[in-house]
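2 protein chains.
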Amino acid sequence: MKLHQLRYMLEVADNNFNVSEAADAIYTSQPGISKQIRLLEDELGVPIFARDGKRLVGLTAPGRKILLRARQVFREIDNINRIGQHYADEDTGSLTIATTHTQARYVLPSIIQRFLRRYPKVNLVIKQGYPEEIVNLVIDGKADLAIATEGVASRNELISLPCYQWHRCLLVAKKHVFLKKFANKNAKKIALAEIAEYPLITYDNAFAGQQHVLDVFENAGIKPNIIITALDSDVIKTYVELKLGVGLIANTAYDPKKDKSLGLIDVSHLFRPNTTWVGVSRGSFVRNYVFDFIEMFAPHLKKKSIMASLSTE
Amino acid sequence: MKLHQLRYMLEVADNNFNVSEAADAIYTSQPGISKQIRLLEDELGVPIFARDGKRLVGLTAPGRKILLRARQVFREIDNINRIGQHYADEDTGSLTIATTHTQARYVLPSIIQRFLRRYPKVNLVIKQGYPEEIVNLVIDGKADLAIATEGVASRNELISLPCYQWHRCLLVAKKHVFLKKFANKNAKKIALAEIAEYPLITYDNAFAGQQHVLDVFENAGIKPNIIITALDSDVIKTYVELKLGVGLIANTAYDPKKDKSLGLIDVSHLFRPNTTWVGVSRGSFVRNYVFDFIEMFAPHLKKKSIMASLSTE
DNA sequence: GACGCTTACGTTCGTCGTAACTATT
DNA sequence: AATAGTTACGACGAACGTAAGCGTC
Chain A
-15 MKLHQLRYML
-5 EVADNNFNVS
5 EAADAIYTSQ
15 PGISKQIRLL
25 EDELGVPIFA
35 RDGKRLVGLT
45 APGRKILLRA
55 RQVFREIDNI
65 NRIGQHYADE
75 DTGSLTIATT
85 HTQARYVLPS
95 IIQRFLRRYP
105 KVNLVIKQGY
115 PEEIVNLVID
125 GKADLAIATE
135 GVASRNELIS
145 LPCYQWHRCL
155 LVAKKHVFLK
165 KFANKNAKKI
175 ALAEIAEYPL
185 ITYDNAFAGQ
195 QHVLDVFENA
205 GIKPNIIITA
215 LDSDVIKTYV
225 ELKLGVGLIA
235 NTAYDPKKDK
245 SLGLIDVSHL
255 FRPNTTWVGV
265 SRGSFVRNYV
275 FDFIEMFAPH
285 LKKKSIMASL
295 STE
Chain B
-15 MKLHQLRYML
-5 EVADNNFNVS
5 EAADAIYTSQ
15 PGISKQIRLL
25 EDELGVPIFA
35 RDGKRLVGLT
45 APGRKILLRA
55 RQVFREIDNI
65 NRIGQHYADE
75 DTGSLTIATT
85 HTQARYVLPS
95 IIQRFLRRYP
105 KVNLVIKQGY
115 PEEIVNLVID
125 GKADLAIATE
135 GVASRNELIS
145 LPCYQWHRCL
155 LVAKKHVFLK
165 KFANKNAKKI
175 ALAEIAEYPL
185 ITYDNAFAGQ
195 QHVLDVFENA
205 GIKPNIIITA
215 LDSDVIKTYV
225 ELKLGVGLIA
235 NTAYDPKKDK
245 SLGLIDVSHL
255 FRPNTTWVGV
265 SRGSFVRNYV
275 FDFIEMFAPH
285 LKKKSIMASL
295 STE
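Residue numbers (the numbering used here), protein chains in the order written: chain A, -15 to 297; chain B, -15 to 297.
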């Protein structure tokens, strides 16, 4: 068995079982992949890919199991490379962060600036995606860290560490009546029914605990008029600016400097807070600068305690 | 990075850092290994082996970490091979059991007979060793199962399953006075002080909870006269037959048919029972016939429940 | 001088890519 | 005719083993 045979196999599986595409993706010839996969199947004594005539159309039962193991092999190969790099040069390497829109746009920029000043030689890559994609990127070794509110803590393949809590807040256009009534420090808190008097613009239901928002209205017997569900906060802001309604977004997505045309109302008494997590692949070798990044992001997460979670859990 | 480079590295580490020995062990040339290890170190950018002049004398810090990861790589490669074999032919393959003297000599023979009748094509290998060796064999992928009373349950790298409990028993020569006094079903139980009236022959202190035996005497304020400490039950039997004293052995090591020249006294009220465990490498692919073997050995351990422990724990 | 690793070099084997071929859609 | 995979084959490169070299105990 050769490593490149396993790599070819994974590449084919990751390219819709299209050998030609896989060949393009890894800059080699299609017959080469075909042959090496045959050799691997011959050596193991079982077919890995289900075939329809000559075409590969899926995995066999043993193929599915073999694939999982092969991924683990490459995870460890990656770790070995990381260990080499780590000892060869503490401050050089790469860091790929998979994260959501909100983090990438509002939370991470300042952290990343600090990080790159400290580690100018680290090759930093941000991959934006939806929670599930993010988590899979880390599990498949295509990203080092997952940062998101949803999906991270629930996956056993990752070690997840709570970073910070955020609350929902109500976004209104400038001079909105809510601002006078509720925006002052000592003002009384806004009630759910009052929010529902206006059309509501908020996150898509596929997102960050959005179901909870609906449940809160439901339980209160109030039916909000949700006119727009968006995939990111910027879209929500745009429509709130246009006075199409009030917005419900994460407080972290509100930037007092940039969002001068918008006002903020505290609604933390109405909805439960959310936790944003950082996820690391279980058992992976973590470079020092990655520990540092995590600590910059969430100062309570020290190398020592993360190390402990990595090995024991 | 090539698999055989990693293999060479492990082989050198497992052969006292002697490249020539490693070369002999895997039937290749010494310069070949030297070169490939250099190439690997060059690729990773760090030295793996500590050198004294030209000689390899140990591992560097990165080397230690890399070695652990490399072993994991081969564990998964082994698993892939097992998966292949499993689907290619359910009843063919190999099963290597690492176990102690007592198990190998007294407990396993009948099980193995049954097993081989059921799976005549399985290549069965028994490796005898001391608890620590046994466990390491499994961890290093050189054995599939560890069967022992000590050492198995304590290692986190293994899934350990309790198989059966055994008790200590007192072994005496034929016509010994104890036999009349204590061997009958309704006889009163022997007391610790009575045992201590005779020279005692028992297991070496390095062994299976032997410390417990000493503690029991100690706590009772009785000082036994231990004249021989042996590494296996057969040696103990030999000296008991010669009437040099009474023996304290595992009840599983007493065979009524073969040991006609010896008598047995129950002492289970004096010493705490011991549990014999079977250990499997965490996360390994387990062949069906291995599940069957375990069930033959400990009928309460069904495939389904073992599978559950393998994946969740 | 025996041991142990490295360097040098020719042989061999395996991998790769091109090209031709076959089978599906 | 286009797409997808296999077979065939020559070229190149990598790994191996032998032999010679170098340093150390």
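The C-beta atom is built at its ideal place from N, Cα and C for all residues, glycine as well. On a predicted model such as this, the values are computed, not experimentally measured, just so you know.
Counting only runs of at least 3 residues, the region 75 to 161 of chain B fully encloses the following beta strand (DSSP E) elements, listed from N- to C-terminal order: 77 to 83, 106 to 112, 129 to 132, 142 to 150, 152 to 157. Looking at the DSSP output, T236 of chain B bridges to nothing. By the rule that beta-carbons nearer than 8 Å mark a contact, E60 of chain A touches chain B.
In the DSSP annotation of this structure, I185 of chain A is not part of any alpha helix (DSSP H); the continuous beta strand (DSSP E) holding it starts and ends at 184 to 187. Taking a C-beta cut-off of 7 Å against chain A, none of the residues of the region -4 to 25 of chain B qualify. The closest CA to that of P208 of chain B, considering only B:D188, B:A180, B:G193, B:F191, is found on B:A180.
When DSSP states are grouped into helix, strand and coil, F281 of chain B belongs to the helix group. Distance between Y273 of chain B and Y103 of chain B, taken at the CA atoms: about 8 Å.
Residue-level contact by beta carbon holds for G68 of chain A and chain B, with a gap shorter than 8 Å. Contact of N65 of chain A with chain B by beta-carbon distance below 8 Å involves M(-15), L28.
In the same chain as E25 of chain A, and ignoring 5 residues on each side of it, the C-beta atoms closer than 6 Å to its own belong to P31, I32, in chain order. Interface flag for R98 of chain B against chain A is unset, since no Cβ pair is found closer than 8 Å.
With its beta carbon less than 8 Å from one in chain B, Q56 of chain A belongs to the interface. The closest CA to that of G267 of chain A, considering only A:A234, A:D216, A:V3, A:V57, is found on A:V57.
At a cut-off of 8 Å between beta carbons, Y103 of chain B makes no contact with chain A.
Against chain A, a Cβ distance below 8 Å from I143 of chain B picks out nothing, because the smallest value is about 16 Å. The CB of P46 of chain A comes closer than 7 Å to the CB of I67, G68, Y71 in chain B, given here in chain order. Across the set B:A132, B:K105, B:Y182, B:L28, the C-alpha of B:A132 shows the shortest separation from the C-alpha of K111 of chain B. Listed by position along chain A, the residues whose Cβ is nearer than 8 Å to that of K49 of chain B are I67, F269.
R53 of chain B and A282 of chain A have their C-alpha atoms spaced approximately 29 Å apart. Residue state for A190 of chain B is assigned as coil, using DSSP reduced to three classes. The beta carbon of R59 of chain A sits closer than 6 Å to those of G125, all from its chain and outside the five residues before and after it, given in chain order.
Taking the Cβ atoms as the reference, A82 of chain A lies roughly 4 Å from I118 of chain A, within the contact range of under 8 Å. Minimum Cα-Cα distance from L184 of chain A among the listed residues A:L(-6), A:H284, A:I233 corresponds to A:I233. Minimum Cα-Cα distance from S217 of chain B among the listed residues B:G205, B:L246, B:R139, B:K165 corresponds to B:L246.
According to DSSP, A34 of chain B shares a beta bridge with B:G42. Taking 8 Å as the threshold, the shortest C-beta distance from R266 of chain B to chain A does not fall below it. Rounded to the nearest whole angstrom, the C-alpha separation of V270 of chain A and L145 of chain A is 14 Å. Taking 8 Å as the threshold, the shortest C-beta distance from R53 of chain B to chain A falls below it. In the same chain as S18 of chain A, and ignoring 5 residues on each side of it, the C-beta atoms closer than 6 Å to its own belong to V3, in chain order.
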